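Here is the structure we will look at, set down as structure tokens.
Residue numbers (UniProt numbering): 1 to 537.
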């Protein structure tokens, strides 16, 4: 019987949190950090000390960056809206709001302004995703190079993210010089990696750190941000978010290098050695083969050859995913859940403002509601899991499937309620119903892992990461288009169209989870290596 429970690490590498959720990459250096820390020190005391330092620093970094993002999100949306609003009235009704005179926020809830706002915000994740897909594998290769190490890669990644945010601030601060759509060019800086290289990494491994690193910032920041927006203006909390990002970067400078923590194979456990033998390729073997075949070529040719090799290797090694339709359903469900976490909540920000006639500052408090309920679910879910497995005799797989089924049902009901709610209290009730399904992602990841052998799980995580990025690539503009379509009618009933669309999607996914997905223990074989002679389970 699978010994995993809700507190067990689901995968060694995590599949963009972002409040962030925000973005996940093919290679997650910090996951290796934790593995190296556990196996690479010369003495138990040294191992414990180094692991504690690394984990503590990563918790601080993730917390500070997520807190900065929480301070930045709502103000920048309102700043965008104000810039678009000013441009619109300057062109169409200059006599109504003369230059230099502030435009009341309620005058910016008209369809043309909201459509442009949805377009700009909806396309930002698309442009952000392109560099991540291009550089994830090369950066992973560089990070695993002992001559370079992981720390420079992580520093470059966060520096790229900071440069992107700084560019957004520059464009928004000087709207008379820069067209607002130029914020899309900031994605170029993410060629250095972006925060996806580390964001959410500790959260995927430890329950308590998930609480600290991901949800506490969203719980703490919105009340402060909303108050500052109403009394000090939008740029004060936005500037605080930028300052917090710089502080997180300074903390990162104290992070020790971790690539040299790993011991030689003789010092690893038999389980580690078996896992290494089962891996389709390793950095060392790649390096040796490149040395023989490209000894006379330039460094750039070596890098390009290694990149192509890694791409082919990843494509071939991930083909096992398509052997199971049940696994495909689970991955698709994670894609849609990522869209909800990253874009659904932000769309709710300006939807609630327009639909219910409240300011974006007040609508931002919905994030606190979401975080508070999520924290409650994270605390309560382990007890539910224990009851299902210990009292009712559920297997871990059956327990995970049941939690996923109930959660996806709550998703559908919640989003339908949000999209169709005529009043704000009913919409908040729908948000609470949706958030009660917060155990969905962990359960689906654990369930997906049960379909593959243990040494395939890192590759499964990498594949999930790519598919979630692709899902956000497609889903974000789709939500923006649905919102734009709804507000273009001028009928408030249709403003919630993107959430009704999410409800429809989760109805389909829920039907698949309830009536199609079959557990391995019910006859679905665990996906195994094609070269194995032993029969599959």
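By construction, the Cβ of each residue, glycine as well, lies at the ideal position given by its N, Cα and C atoms. The structure presented is a predicted model; accordingly, all values stated were derived computationally and were not measured.
*Is the Cβ-Cβ distance between residue 374 and residue 513 less than 8 Å?*
Cβ distance not < 8 Å, so residue 374 and residue 513 don't count as in contact.
*Tell me whether residue 168 sits in a helix, a strand or coil according to DSSP, three-state version.*
Here DSSP, grouped into helix, strand and coil, assigns residue 168 to helix.
*Could you give the distance in angstroms between the alpha-carbon of residue 451 and the alpha-carbon of residue 442?*
Cα to Cα, residue 451 sits roughly 15 Å from residue 442.
_Per-residue DSSP class, three states only, for residue 594_ = Given a span of 1 to 537 for the chain in the structure shown, any question on residue 594 remains unanswerable.
_Tell me the rounded alpha-carbon separation between residue 475 and residue 49._
The straight-line gap from Cα to Cα measures roughly 43 Å.
*Between the CA atoms of residue 463 and residue 520 - distance to the nearest angstrom*: Approximately 20 Å, taken between the alpha carbons.
*For residue 418, does the count of other Cβ atoms within 10 angstroms reach 16, so buried, or fall short, so exposed?*
Residue 418 should be labelled buried.
*Inter-residue Cα distance where the pair is residue 109 and residue 380*: The C-alpha of residue 380 is placed about 39 Å away from the C-alpha of residue 109.
*Inter-residue CB distance, residue 181 and residue 120 (contact presumed, cutoff 8 Å)*: Between residue 120 and residue 181 the Cβ distance is about 6 Å, and since that is below 8 Å, they are a contact.
*How would you label residue 128, buried or exposed, when you count the other beta carbons within 10 angstroms and need 16 or more for buried?*
It counts as buried.
*What residue range is occupied by the uninterrupted alpha helix (DSSP H) comprising residue 343?*
Premise fails: residue 343 is in no alpha helix (DSSP H) and is neither H nor E.
*asked:* Rounded to whole angstroms, what is the Cα-Cα separation between residue 427 and residue 53?
replied: If you draw a straight line from the Cα of residue 427 to the Cα of residue 53, it comes to about 43 Å.
_Among 74, 113, 396 and 106, nearest to residue 90 - alpha-carbon criterion_ = Distance from the Cα of residue 90 is smallest, within the candidate group 74, 113, 396 and 106, for 113.
*Does the pairing of the stretch 152-163 with the stretch 239-252 give three or more beta-carbon distances under 8 Å?*
Yes: the two stretches touch, three or more of their Cβ pairs being nearer than 8 Å.
*asked:* Using 8 Å for Cβ pairs, my map puts residue 241 next to residue 411. What's the rounded Cβ distance?
replied: The Cβ separation is near 29 Å, so there is no contact.
*residue 516, DSSP secondary structure in three states*: Looking at residue 516 - three-state DSSP - the assignment turns out to be coil, as it is neither helix nor strand.
*Which stretch, first to last residue, makes up the alpha helix (DSSP H) that contains residue 148?*
For residue 148, there is no enclosing alpha helix (DSSP H), since its DSSP letter is neither H nor E.
_DSSP state of residue 414 mapped onto helix, strand, coil_ = DSSP places residue 414 within a helical segment (H, G or I) once states are collapsed to three.
*For the stretch 402-411 against the stretch 345-357, are there 3 or more C-beta pairs whose distance is under 8 Å?*
Pairwise C-beta distances place the stretch 402-411 out of contact with the stretch 345-357, as fewer than three of them are shorter than 8 Å.
*So, residue 118 versus residue 483, is the Cβ gap smaller than 8 Å?*
Yes; because the gap between Cβ atoms is below 8 Å, this pair is in contact.
*asked:* What does the alpha-carbon distance come out to for the pair residue 539 and residue 96?
replied: Lying outside 1 to 537, the shown extent of the chain, residue 539 is not represented and no answer is given.
*Put residue 103 into one of helix, strand or coil per three-state DSSP.*
DSSP places residue 103 in coil when its eight states are reduced to three.
*asked:* Is it buried or exposed, residue 517, if we count other Cβ atoms within 10 angstroms and call 16 or more buried?
replied: Burial state of residue 517 is buried, judged by a 10 Å Cβ sphere holding 16 or more other Cβ atoms.
*Within 10 angstroms of its Cβ, does residue 515 collect 16 or more other Cβ (buried), or is it exposed?*
That one is exposed.
_Quick check: what's the CA-CA separation for residue 116 versus residue 87?_
Spanning the alpha carbons of residue 116 and residue 87 requires a straight line of approximately 11 Å.
_Let me confirm a value: residue 393 is counted as buried when at least 16 other C-beta atoms fall within 10 Å, else exposed. Which label applies?_
Exposed.
_heavy atom of the ligand GDP below 7 Å from residue 468 C-beta_ = This structure does not include the ligand GDP; it has no bound ligands of any sort.
*asked:* Suppose the cutoff is 7 Å on Cβ atoms and the five residues either side in sequence are ignored; what does the same chain contact list for residue 507 look like?
replied: Excluding five sequence positions before and after residue 507, the CB atoms of its chain that fall closer than 7 Å to its own CB belong to 412, given in chain order.
*Specify, as a first and last residue, the run of the alpha helix (DSSP H) that residue 429 falls within.*
That run of the alpha helix (DSSP H) goes 424-435.
*Please go through the same chain and pick out, in chain order, the residues whose beta-carbon is closer than 7 Å to the beta-carbon of residue 219, but skip the five residues on each side of it.*
Answer for residue 219: 368, 371, 372 and 375, listed in chain order.
_Assumed close pair residue 66, residue 214 - CB separation to whole angstroms, cut-off 8 Å_ = The pair is a contact, with the Cβ atoms about 6 Å apart (cut-off 8 Å).
*Looking only at C-alpha atoms, which of 491, 76, 503 and 431 sits nearest to residue 171?*
When only C-alpha atoms are compared, the closest one is 76.
*With 16 other CB atoms within 10 Å as the buried threshold, where does residue 177 fall?*
It counts as exposed.
*Could you spell out where the alpha helix (DSSP H) holding residue 368 opens and where it closes?*
Residues 365-386.
*So, are the CB atoms of residue 579 and residue 321 less than 8 Å apart?*
What is shown of the chain runs 1 to 537, which leaves residue 579 out entirely.
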